[in-house]
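First to last, the sequence lines map onto chains X and F.
For the first sequence, the UniProt record's numbering begins at 1 and goes up steadily by one.
For the second sequence, the UniProt record's numbering begins at 1 and goes up steadily by one.
Just so it is clear, CB atoms sit at the ideal spot from N, CA and C, and this is done for glycine as well.
For clarity, every value in this text was computed on a predicted model and none was experimentally measured.
Number of protein chains: 2
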Amino acid sequence: MRVLVTGAGGFIGATLLQLLQQVGQVGPQRITRLAAMDRTLPALPDSVERIEGELQDAQVQSRLAQFGADLCFHLAAVPGGAAEADPALSRRVNLDATLDLFNLLAEGRTRGSAAPVVVYASTIAVYGTPLPDPVTPGTPTRPALIYGAHKRACEILLADATRRGVLDGRSLRLPGIVARPRAASGLVSAFMSELLHALAAGESVTLPVGPQATAWWMSAQRCAENLLHAATMDPMLDTQGHMERTWALPVLRLSMQEVVDTLSALFGVDGHALARYAPQEPVEAVFGRYPVLDDRIARRLGLRDDGTAAELVQRALAPYAIQAANPNSSSV
Amino acid sequence: MRVLVTGAGGFIGATLLQLLQQVGQVGPQRITRLAAMDRTLPALPDSVERIEGELQDAQVQSRLAQFGADLCFHLAAVPGGAAEADPALSRRVNLDATLDLFNLLAEGRTRGSAAPVVVYASTIAVYGTPLPDPVTPGTPTRPALIYGAHKRACEILLADATRRGVLDGRSLRLPGIVARPRAASGLVSAFMSELLHALAAGESVTLPVGPQATAWWMSAQRCAENLLHAATMDPMLDTQGHMERTWALPVLRLSMQEVVDTLSALFGVDGHALARYAPQEPVEAVFGRYPVLDDRIARRLGLRDDGTAAELVQRALAPYAIQAANPNSSSV
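Right, here's the structure in full:
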């Protein structure tokens with residue numbers, strides 16, 4: 001099985017690429033070739049084929065077509081803030097080049113084989129802000145960023161390609177993922193990752209939301225596992241007989257206070273002293289009032305959250321070789 | 001005010017173009033220039049500027065940009081069946097060229113003036129088949145044709161351009177419109193128009209659905225009036241504070257039997273003898289079980305159905321100079 005990961009140089013893509021190398025297979029099928037595509041790629045084992053360049057570049061598209069993936073994890077995208085600052089770039093990458101990729105994957109199908117599987121990294125930004133309460137599989141989408149609008153358009157068109165039988169698409173709506181590297185990412189939501197890093201290191205942190213602010217949490221490792229699972233899971237018919245092709249990932253919904261308590265117990269620090277709250281209403285409105293998510297259908301398909309707050313924190317920090325002082329402490 | 005109509009050679013576009021010439025203004029604003037764009041255009045008065053060619057053609061796009069519309073009615077599209085037969089063509093016209101048009105309208109904005117208004121002819125095909133029951137403003141879209149998928153994507157991206165303040169978009173989801181010319185259109189839904197033509201002429205007709213089959217009905221004239229109204233109506237905030245930009249048009253939901261009765265009374269014919277029913281299950285499923293439409297919000301904005309079945313029939317047949325024998329007969 002030939003497997004392609006676009007956006008493989010990114011935070012989540014790199015985690016997924018590593019997971020694929022570790023497990024060596026997708027469901028029962030062995031990975032015979034593995035390709036990583038991104039604008040820039042880090043050093044990679046020789047066994048991973050490198051496709052370096054812009055997704056919208058004709059030469060890159062030609063190399064992607066030549067690779068002829070049986071399974072593509074499509075993560076490459078212009079992120080929300082950059083997309084909003086340059087709508088034309090967002091259209092080129094997040095819409096046009098993404099649809100080009102879908103086309104070339106469909107056209108690259110080997111005669112007689114199944115339609116190529118596309119696992120598409122969509123986003124909870126399709127719902128808009130503030131998030132509707134609750135979020136269910138029937139919640140209308142109202143993207144409030146061009147990033148979310150283009151992602152939603154691609155979800156629809158991937159579902160259509162699936163209906164037409166030329167691709168086998170599975171769109172996962174990803175929440176914010178922790179823990180990003182500490183270097184300033186420019187993302188407003190970076191405070192979620194910073195909270196984990198700071199308290200684990202016994203450092204203070206100031207949060208732009210209050211202690212009761214709720215957010216949806218998932219580690220990069222669990223996210224990668226879900227992307228991999230999505231490649232082989234069997235989408236069910238819903239109660240109306242529709243084959244659903246888009247799911248919000250199950251999440252842990254935790255308050256800042258719960259995460260602080262968990263970090264305090266795991267790392268033996270005084271989180272109440274280290275974590276300071278300077279709530280800013282605009283940040284609270286977008287990142288501090290995550291509602292209940294009805295993710296029962298996604299769970300039934302085998303998609304998973306991190307289990308507990310303690311597992312979330314440990315899984316999120318493991319890539320940084322940060323280990324809890326009291327890994328078995330009971331917490332939230 | 002410079003007004004552009006794309007798809008002006010089509011059934012609905014031509015009706016709209018005629019209405020614009022008749023009224024000469026949009027709300028309080030006088031139409032100073034009027035342009036008609038389509039692949040092919042009929043003879044038109046000298047006062048109407050002609051832009052003939054494919055929407056995706058660079059020269060056509062350049063002429064559309066030069067025109068610099070303050071208001072664009074965008075009706076040009078590859079219709080459902082043709083789009084399904086050629087997905088790449090649908091992408092070029094119904095998605096790419098439509099987004100190009102949105103861009104060039106936004107870029108053509110005169111400094112200091114309001115964002116150009118775009119009235120976009122979307123479709124009830126965004127809901128998928130069978131239609132969910134009932135259809136409400138919150139009904140999730142599940143297009144079952146690439147035509148509907150591309151229309152839905154453009155609704156989303158027009159709403160996003162509106163959010164960004166570069167356009168003032170209003171998407172109307174059009175139902176099937178009557179009465180198309182009798183010449184074979186290739187549309188399965190043509191039987192709805194044929195029923196009107198045949199009974200008005202005292203001819204027999206065989207319908208592929210049963211007498212109790214319900215459909216959504218609207219005349220081309222009323223549809224054009226709604227498109228015009230949409231250009232100046234004031235979109236309201238919904239109960240969640242969202243500015244809605246997409247509406248299904250209000251419709252008359254009538255059974256075949258009701259339409260036959262209406263035609264019988266208006267034209268003094270024996271509709272029960274002339275209309276024969278040979279229901280085909282696949283046609284019934286798609287065109288014979290239109291559910292209740294919750295169109296209260298659209299009505300509050302001033303969008304309208306045809307009033308009564310008798311008004312619908314007379315308005316639909318008026319362009320063919322077909323007049324009822326008993327215009328004031330009471331009917332449904």
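Figure out for me which residue from R296(X), A69(X) and L263(X) has the closest Cα to the Cα of A324(X).
The candidate whose alpha carbon is nearest that of A324(X) is L263(X).
Output the distance between the C-alpha atoms of M215(X) and R299(X), rounded to the nearest integer angstrom.
According to the sequence provided, residue 215(X) is Ala. The question's Met does not apply to it. So the two alpha carbons sit approximately 19 Å from each other.
R163(F) - DSSP class collapsed to helix/strand/coil:
Residue state, collapsed to three classes: helix.
Tell me the residue span of the beta strand (DSSP E) that contains T123(X).
First-last of the beta strand (DSSP E) with T123(X): V117 to T123.
Taking L75(X) as the query, report the chain F residues whose CB atoms sit under 9 Å from its CB, ordered along the chain.
Those do not exist, as L75(X) stays about 21 Å from chain F at its closest Cβ, beyond 9 Å.
Using a beta-carbon distance below 7 Å, is V286(X) in contact with chain F?
For V286(X), no CB of chain F lies under 7 Å from its own CB, so it is not counted at the interface with that chain.
DSSP on L172(F), reduced to helix/strand/coil?
Three-state result, L172(F): strand.
I need the straight-line Cα distance from E54(F) to P279(F), nearest angstrom please.
In this structure, the straight-line span from the alpha carbon of E54(F) to that of P279(F) is close to 38 Å.
Paired residues, beta bridge with S193(F) - DSSP
Looking at the DSSP output, S193(F) bridges to nothing.
For a test of the three-state rule: what should DSSP assign to Y127(X), helix, strand or coil?
Three-state DSSP puts Y127(X) in a helix.
Chain F contact residues for G138(X), given Cβ-Cβ distances below 7 Å:
For G138(X), the C-beta contacts it makes with chain F under 7 Å involve P140, in order along the chain.
If you compare alpha carbons, which of Y120(F), D234(F), R222(F) and T139(F) is closest to D294(F)?
Checking every option, the nearest Cα to that of D294(F) belongs to T139(F).
Between the C-alpha atoms of L172(F) and L34(X), what's the straight-line distance to the nearest angstrom?
In this structure, the alpha-carbon of L172(F) lies about 46 Å from that of L34(X).
Which residues does DSSP pair with A220(X) in a beta bridge?
Paired residue(s): none; A220(X) is not in a bridge.
Once DSSP output is grouped into helix, strand and coil, what is the label at S62(X)?
DSSP, read as helix, strand or coil, puts S62(X) in helix.
For P319(X), collect the residues of the same chain with a Cβ closer than 6 Å to its Cβ; drop the 5 residues on either side in sequence, then sort them by chain order.
Closer than 6 Å at the Cβ level, and outside the excluded window around P319(X), lies no residue.
Roughly how far, in whole angstroms, is the beta-carbon of G9(F) from the beta-carbon of R39(F), given that I think they are within contact range, below 8 Å?
Contact check for G9(F) and R39(F): beta-carbon distance about 7 Å, within the 8 Å limit, so the pair qualifies.
What residue range is occupied by the uninterrupted beta strand (DSSP E) comprising A318(X)?
Careful: A318(X) lies outside any beta strand (DSSP E) and carries neither H nor E.
Can you list the residues of chain X that A144(F) reaches, using a CB-CB cut of under 8 Å?
Going along chain X in sequence order, the residues near A144(F) (Cβ under 8 Å) are R163.
In the stretch 270–321 of chain F, which residue ranges form an unbroken alpha helix (DSSP H) of at least 4 residues, counting only runs that do not cross its ends?
271–274, 281–287, 296–300 and 309–317, all fully within the stretch 270–321 of chain F.
According to DSSP, residue 334(F) sits in a beta bridge with which residue or residues?
Because chain F is modelled from 1 through 332, residue 334(F) falls outside the range shown and cannot be assessed.
Any beta-carbon of chain F closer than 7 Å to the one on P327(X)?
False, the Cβ-Cβ gap to chain F never drops below 7 Å.
Please list the partners that A153(X) has in chain F, where partner means a Cβ-to-Cβ separation under 7 Å.
What A153(X) touches in chain F: A153, I156 and L157.
Could you pull out every residue in the same chain whose Cβ sits closer than 8 Å to the Cβ of L303(F), ignoring the five residues on either side in sequence?
The answer, listed in chain order, is L172, N226, H229, A230, M233, W247, L249, P250 and D295.
For L75(X) and I12(X), which I take to be in contact (beta-carbon distance under 8 Å), what is that distance rounded to the nearest angstrom?
Yes, they are in contact, since the Cβ atoms of L75(X) and I12(X) sit about 6 Å apart, within 8 Å.
So if I threshold CB-CB distances at 9 Å, which residues from the stretch 70–95 of chain X count as touching chain F?
So the list reads E84, P87, A88, R91 and L95, given in the order they occur along the chain.
For F287(X) and V209(X), the rounded distance between their alpha carbons:
The straight-line gap from Cα to Cα measures roughly 8 Å.
Compute the distance between the beta-carbons of P291(F) and D133(F), then report whether it is under 7 Å.
Result yes, Cβ atoms of P291(F) and D133(F) sit closer than 7 Å.
Residue(s) in a DSSP beta bridge with H74(F)
Here H74(F) is bridged, per DSSP, to T6(F) and Y120(F).
I'd like to know whether the C-beta of A149(F) is nearer than 7 Å to at least one C-beta of chain X.
Chain X has a Cβ within less than 7 Å of the Cβ of A149(F).
Taking the alpha carbon of E258(X) as the point to measure from, which residue in A183(X), P45(X) and A275(X) has its own alpha carbon closest?
In terms of Cα proximity to E258(X), the closest of A183(X), P45(X) and A275(X) is A275(X).
Could you check whether S219(F) and R315(F) sit closer than 7 Å to each other, using their CB atoms as the reference points?
Yes. Within cutoff.
Residues bridged to Q25(F) by DSSP?
Paired residue(s): R30(F).
V332(F) versus C223(F) - alpha carbon distance
Per-residue confidence for V332(F) stands at a pLDDT of 48, beneath the threshold of 50, marking its modelled position as unreliable; the derived number appears in the next sentence. Looking at the backbone, the Cα of V332(F) and that of C223(F) are separated by about 21 Å.
Residues of the stretch 291–321 of chain X whose Cβ lies closer than 9 Å to any Cβ of chain F, in chain order
Cβ contacts with chain F come from no residue of the stretch 291–321 of chain X.
Using alpha carbons as the reference points, say which of L254(X), E194(X), N328(X) and A58(X) lies closest to F267(X).
In this structure, N328(X) is the residue among L254(X), E194(X), N328(X) and A58(X) with its C-alpha nearest to the C-alpha of F267(X).
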